[in-house]
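Working notes, structure below.
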């Protein structure tokens, strides 16, 4: 689902690097680099709105199509360099439908074309009831966007009707199996060597997924997403005790790799929060951090970041250095832990997969 241009805006607003202090952004893909953007959405209203908003740009078009029916909507187009799906849209498809769609993309694409898939992660803390799913049917569950309608007390007004719709949730191993099946099918057609290579798969929004706060599927969780967001509020100090994870919040997964990952992330997360608290009180220093050589590199980087930020904030004129500088940097450091420690097992709200077409 491309929406009314949201996908295009995502693609053309990615910076080449995080540290870019010039007046103008240096994008990975500038608008002028896009020879043609063709958005496909199930909704006629979204397609009409997209064509209206971008009517002045002949390189941008939107068409109506149902990906459950394959690539019919773009079958006559030339191969694309990038086939991009965001907002979990491919989780609307069953495993057989997604497999068939990928086979069609392989046939349509050129050698080296990339496919970006955004799926819902089945091993997320948000829905442990799906952790034992072994069939395609069991990996489906009604999804809701109730987080859009909740007030500050996490309640939905009685007169608001929240839609529920079935979505397919994916684990990292399932993606490997899916790609293998696609390759077997595409490679067996006329002796072709065409197929897919997994370029990268990674989890996103692991401890801060949308439904971590709502408790819609797991009522045992604490509202960590909301607490993390508070770290970025100007002139508002956050009780850092609310950032700690306890083992009781994380159920035991049948896959020991998932348990090991959650344990490493939770331990690193708590260690960084604890150091920040002690450093703010003048009771800690990097020189006294125990077992430094045994710590994961992302945690070491986070500890050094917080230490340097607190040192620097002492002489900055910012009104409230803790609220305005230190706490936001703690938020970024915790995010970096998720980015660097994830293992692509489907443990986040989203499971991102980048595939490369080989012909």
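Numbering (my numbering), first residue to last: 6 to 364. Virtual Cβ for every residue (Gly too), placed ideally from N, Cα, C. The model shown is predicted, which means the values in this text are computed figures rather than measured ones.
By the criterion of a C-beta distance shorter than 8 Å, residue 253 is surrounded in its chain by 225, once the five residues flanking it on both sides are discounted. Separation of residue 233 and residue 246 (C-alpha to C-alpha, rounded to the nearest whole angstrom) is 12 Å. One thing to note: residue 328 has its Cβ no nearer than 8 Å to the Cβ of residue 311.
Counting the other Cβ atoms within 10 Å of the Cβ of residue 187 gives 16 or more, which makes it buried. Secondary structure remark: continuous alpha helix (DSSP H) runs of at least 4 residues inside the region 55 to 114, in chain order: 100 to 113. Contiguous beta strand (DSSP E) elements confined to the region 191 to 218 occur at 200 to 209, taking only those with 3 or more residues. Of the residues 268, 314 and 273, the one whose Cα lies closest to the Cα of residue 290 is 314. Scanning its chain for C-beta atoms nearer than 6 Å, with the 5 sequence neighbours on each side dropped, one finds around residue 358 the residues 122, 180 and 206, in chain order.
In this structure, the CA atom of residue 138 is about 11 Å from the CA atom of residue 259. Residue burial annotation: residue 169 is exposed, with fewer than 16 other C-beta atoms found within 10 angstroms of its C-beta. Counting the other Cβ atoms within 10 Å of the Cβ of residue 321 gives fewer than 16, which makes it exposed. Around residue 31, the same chain offers 21 and 25 as residues with beta carbons nearer than 6 Å, after the five sequence neighbours per side are excluded. By the Cβ neighbour-count rule, residue 197 is exposed, with fewer than 16 other Cβ atoms within 10 Å of its own.
Beta bridge pairing from DSSP links residue 146 with 172. One Cα belongs to residue 265, the other to residue 80, and the distance between them is close to 44 Å. Shown here, residue 39 sits in coil according to DSSP, grouped into three states, outside any helix or strand. Judged by DSSP in its simplified three-state form, residue 276 adopts helix. Boundaries of the beta strand (DSSP E) around residue 126: 119 to 126. Rounded to the nearest angstrom, the gap between the Cα atoms of residue 240 and residue 68 is 46 Å. Rounded to whole angstroms, residue 237 and residue 275 show a C-alpha spacing of 19 Å. Rounded to the nearest whole angstrom, the C-alpha separation of residue 190 and residue 144 is 23 Å. According to the DSSP assignment, residue 357 belongs to the beta strand (DSSP E) that extends over 355 to 363. Counting along the chain, residue 342 sits inside the alpha helix (DSSP H) bounded by residues 332 to 346. Secondary structure of residue 323 (DSSP, three-state): coil.
Residue pairing by DSSP puts residue 45 in a beta bridge opposite 68. Residue 343 and residue 304 have their C-alpha atoms spaced approximately 10 Å apart.
Looking only at 175, 341 and 46, the smallest Cα-Cα distance to residue 13 is reached by 46. Pairing residue 177 with residue 356 gives a Cβ-Cβ distance under 8 Å. Beta-carbon to beta-carbon, residue 104 and residue 75 are separated by about 11 Å, too far to satisfy the 8 Å threshold. Residue 159 and residue 131 have their C-alpha atoms spaced approximately 16 Å apart. Between residue 99 and residue 173, the CB-CB gap stays under 8 Å. Residue pairing from DSSP places residue 20 in a beta bridge opposite 32. No Cβ-Cβ contact shorter than 8 Å links residue 57 with residue 200. Beyond the five residues adjoining it in sequence on each side, residue 146 comes within less than 8 Å, by CB distance, of 132, 134, 135, 171, 172, 174 and 222 in the same chain, given in chain order.
Ranked by Cα distance from residue 118, the first of 140, 87 and 141 is 87. The alpha-carbon separation between residue 92 and residue 302 amounts to approximately 31 Å.
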